[in-house]
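Trainee:
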Amino acid sequence: MSELYDVTIIGGGTTGLYTAFYSGMRELKTKVIEYQPNLGGKVSFFYPEKKIFDVGGFLGVTGEDLVKKVEEQALFVQPTIVTGEKIEAIEKQEDETFQLISTGGEMHYSKSVIVASGMGTFDMQPLGVEGSEKYDNNQIHYTIQNIQQYAGKKMTVVSSSRVGIDWSLALERVASSVRLINHTDQFKAVYEHDMENLENSSVGVYRNTKIEKLNGDDRKLESIKLNNNEELDTDHILVYEGLHIEKSLYDQWGLETDKGRIPVGTDMCSNREGVFVAGDAAIYPSKTMLIASGFNEAMAAVNSAAKYLDPKAKSQVYSTVIYKYHK
Ligand SMILES: Cc1cc2nc3c(=O)[nH]c(=O)nc-3n(C[C@H](O)[C@H](O)[C@H](O)COP(=O)(O)OP(=O)(O)OC[C@H]3O[C@@H](n4cnc5c(N)ncnc54)[C@H](O)[C@@H]3O)c2cc1C
Numbered sequence: 000m001s002e003l004y005d006v007t008i009i010g011g012g013t014t015g016l017y018t019a020f021y022s023g024m025r026e027l028k029t030k031v032i033e034y035q036p037n038l039g040g041k042v043s044f045f046y047p048e049k050k051i052f053d054v055g056g057f058l059g060v061t062g063e064d065l066v067k068k069v070e071e072q073a074l075f076v077q078p079t080i081v082t083g084e085k086i087e088a089i090e091k092q093e094d095e096t097f098q099l100i101s102t103g104g105e106m107h108y109s110k111s112v113i114v115a116s117g118m119g120t121f122d123m124q125p126l127g128v129e130g131s132e133k134y135d136n137n138q139i140h141y142t143i144q145n146i147q148q149y150a151g152k153k154m155t156v157v158s159s160s161r162v163g164i165d166w167s168l169a170l171e172r173v174a175s176s177v178r179l180i181n182h183t184d185q186f187k188a189v190y191e192h193d194m195e196n197l198e199n200s201s202v203g204v205y206r207n208t209k210i211e212k213l214n215g216d217d218r219k220l221e222s223i224k225l226n227n228n229e230e231l232d233t234d235h236i237l238v239y240e241g242l243h244i245e246k247s248l249y250d251q252w253g254l255e256t257d258k259g260r261i262p263v264g265t266d267m268c269s270n271r272e273g274v275f276v277a278g279d280a281a282i283y284p285s286k287t288m289l290i291a292s293g294f295n296e297a298m299a300a301v302n303s304a305a306k307y308l309d310p311k312a313k314s315q316v317y318s319t320v321i322y323k324y325h326k
């Protein structure tokens, strides 16, 4: 049987990571379980390159940099972090501890659970060209993290939406060349100025065009062949063709729901004893769906979990308790 934790956090978004930090700071044995291979949740997934201005202490931090900081803060207290696992069920056992079961059948054991899994999981629509999987995360990417890695490179963006235009224009500043390949003749969700910016750029736009073949060996992609028979050398391909969203079925975890989210009070307790909630997964009057609200809710959820685990535990602590890590 795998180890028993005090607190297991479902979701490694910004809320889950901060929850892990605060839980570690309260000296609770903590585990985080995240479905994606990477941490950071929606911030990493949707807007790593966007500047965020509304998190205290950071004026204009990129999503990617904020996630790095929150991750660094979480790792400081050494939680166990499991990625690439999706929790399907939370069962209470006879001894009142929880068994969390993932899609692959892996089991996790915990005395309490904090749900920080937002609205559910996201997967990008894959490129859908034969053999593309072998270049995934190496030369084929589905988010635009760490844009400097593309400096001086030949870039191909595959997208029929505004996201593809944004990515192409951002890449144009660092890459040696950028082409944008759209399998339709229109771009979705664009404003007039997006099209103007694209027309005034050096981005080569291909409409009604698809990638037919990827040329390269098992290790390296060299070029792409288009359905108009043109062949283009390429170093990296970035793909955005929309998302597949799978909403969390919180009711199947024995939790009350309201429009797919979990109703809580200011103590972040769910209807299920020992299960607490933080971040976008939670709903209460005047709830804001923001990164900073998740941080505050994380503290309240951990404080409630600490009291659940030991009724004599303090209601809150100050961060001076972690002086010992600074020896
Ligand atoms: C386009 C956009 C722009 C935004 N801009 C801002 C902004 O400028 N400022 C701001 O403060 N907020 C902004 N927000 C809102 C902010 O992103 C969210 O409030 C915040 O990301 C919520 O964090 P979270 O950790 O609670 O949830 P999420 O970021 O959704 O993280 C949940 C994590 O749980 C994982 N997960 C889900 N289900 C499971 C499961 N069953 N098992 C394991 N893992 C699971 C998911 O993969 C995900 O990583 C924006 C949101 C969007 C979409």
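Per numbering that gives the first Met the number 0, residue 0 is the first one in the sequence shown, and the count goes up by one each step.
C-beta: ideal position from N, C-alpha, C; glycine also.
ALA73 and LEU16 look like a contact to me (Cβ under 8 angstroms); what is the Cβ gap, rounded to whole Å?
Mentor: Their Cβ separation, rounded to whole angstroms, is 4 angstroms, which keeps ALA73 and LEU16 in contact under 8 angstroms.
Trainee: What is the DSSP secondary structure of TYR34, counted as helix, strand or coil?
Mentor: If DSSP states are grouped into helix, strand and coil, TYR34 belongs with coil.
Trainee: Which ranges would you report for the beta strand (DSSP E) in the region 75-105 if only whole runs of at least 3 residues count?
Mentor: Segments of the beta strand (DSSP E) lying fully in the region 75-105: 79-82, 86-91 and 97-101.
Trainee: Should ALA280 and ALA115 be called a contact, given that it needs their Cβ atoms to be closer than 8 angstroms?
Mentor: Cβ atoms of ALA280 and ALA115: closer than 8 angstroms.
Trainee: When DSSP builds the beta bridges, which residues end up paired with HIS235?
Mentor: For HIS235, which the question treats as bridged, DSSP gives the partners MET154.
Trainee: On a CA-only basis, which of ASN228, LYS133, SER111 and THR142 is nearest PHE121? Give me that one, please.
Mentor: Selected option, being the one with the closest Cα: THR142.
Trainee: Does the distance from the C-beta atom of GLY40 to that of GLY12 stay below 8 angstroms?
Mentor: Result yes, Cβ atoms of GLY40 and GLY12 sit closer than 8 angstroms.
Trainee: Mind checking whether the beta-carbon of LEU291 lies closer than 7 angstroms to any heavy atom of ligand 1?
Mentor: At residue 291 the sequence reads Ala, which differs from the Leu that was named. Correct: ALA291 has its Cβ closer than 7 angstroms to ligand 1.
Trainee: Checking the sheet assignment: what are the DSSP bridge partners for GLY215?
Mentor: DSSP output for GLY215 lists LEU220 as bridge partner(s).
Trainee: Determine the contact status of TYR249 and PRO262, defining contact as a CB-CB distance below 8 angstroms.
Mentor: Cβ distance not < 8 angstroms, so TYR249 and PRO262 don't count as in contact.
Trainee: Assess contact between the region 35-52 and the region 63-72, defined as three or more Cβ pairs (one per stretch) separated by less than 8 angstroms. Is contact present?
Mentor: The region 35-52, when compared against the region 63-72, does touch it at the 8 angstroms Cβ threshold.
Trainee: Consult DSSP for LYS41 and reduce its assignment to one of helix, strand or coil.
Mentor: Looking at LYS41 - three-state DSSP - the assignment turns out to be helix.
Trainee: Could you tell me the distance, in whole angstroms, from the CA atom of TYR134 to the CA atom of PRO36?
Mentor: Computed Cα separation, rounded: 16 angstroms.
Trainee: Check this for me: beta carbons of GLU129 and SER101, under 8 angstroms apart or not?
Mentor: Going by C-beta atoms, GLU129 is not nearer than 8 angstroms to SER101.
Trainee: Using the Cβ count rule (16 or more neighbours within 10 Å means buried), how would you classify ASN270?
Mentor: So ASN270 ends up on the exposed side.
Trainee: Quick one: Cα of GLY264 to Cα of SER318, how far?
Mentor: Approximately 24 angstroms, taken between the alpha carbons.
Trainee: Check whether the Cβ atoms of VAL202 and LEU168 sit closer than 8 angstroms, and answer yes or no.
Mentor: Yes.
Trainee: Could you tell me the distance, in whole angstroms, from the CA atom of LYS306 to the CA atom of GLN315?
Mentor: Roughly 10 angstroms separates the two Cα atoms.
Trainee: To the nearest angstrom, how far is the alpha carbon of GLU71 from that of PHE20?
Mentor: The alpha-carbon atoms of GLU71 and PHE20 are separated by roughly 9 angstroms.
Trainee: How should THR18 be labelled, buried or exposed, when 16 other C-beta atoms within 10 angstroms of its C-beta is the threshold for buried?
Mentor: Answer is buried; the Cβ neighbour count reaches 16.
Trainee: Just to confirm before moving on: does the CB-CB distance between MET24 and VAL76 stay below 8 angstroms?
Mentor: For MET24 and VAL76, yes; Cβs fall inside 8 angstroms.
Trainee: Here's the rule I'm using: 16 or more other beta-carbon atoms within 10 Å means buried, otherwise exposed. How should GLY163 be labelled?
Mentor: Classification of GLY163: buried, given that the 10 Å Cβ count is 16 or more.
Trainee: Near ASP5, which residues of its chain fall below 8 angstroms by C-beta distance, leaving aside the five closest residues on each side in sequence?
Mentor: Cβ neighbours of ASP5 beyond the five flanking positions: SER22, LEU27, LYS28, THR29, SER109, LYS110, SER111, ALA304 and LEU308.
Trainee: Compare the C-alpha of MET123 against each of LEU242, LYS313 and GLU255 and name the closest.
Mentor: Closest by alpha carbon: LEU242.
Trainee: Going by C-alpha to C-alpha distance, which of GLU90, LEU254, ASP216 and SER292 sits closest to GLN138?
Mentor: GLN138 has its Cα closest to that of ASP216, out of GLU90, LEU254, ASP216 and SER292.
Trainee: Around the C-beta of ASN181, are 16 or more other C-beta atoms found within 10 angstroms, so that it is buried, or is it exposed?
Mentor: By the 10 Å Cβ count, ASN181 comes out buried.
Trainee: Classify GLY330 as helix, strand or coil using the three-state DSSP reduction.
Mentor: The question about residue 330 has no answer here: the residues shown for the chain are numbered 0 through 326.
Trainee: If you run the structure through DSSP and keep just helix, strand and coil, what is HIS182?
Mentor: Reduced to three states, the DSSP call for HIS182 is coil.
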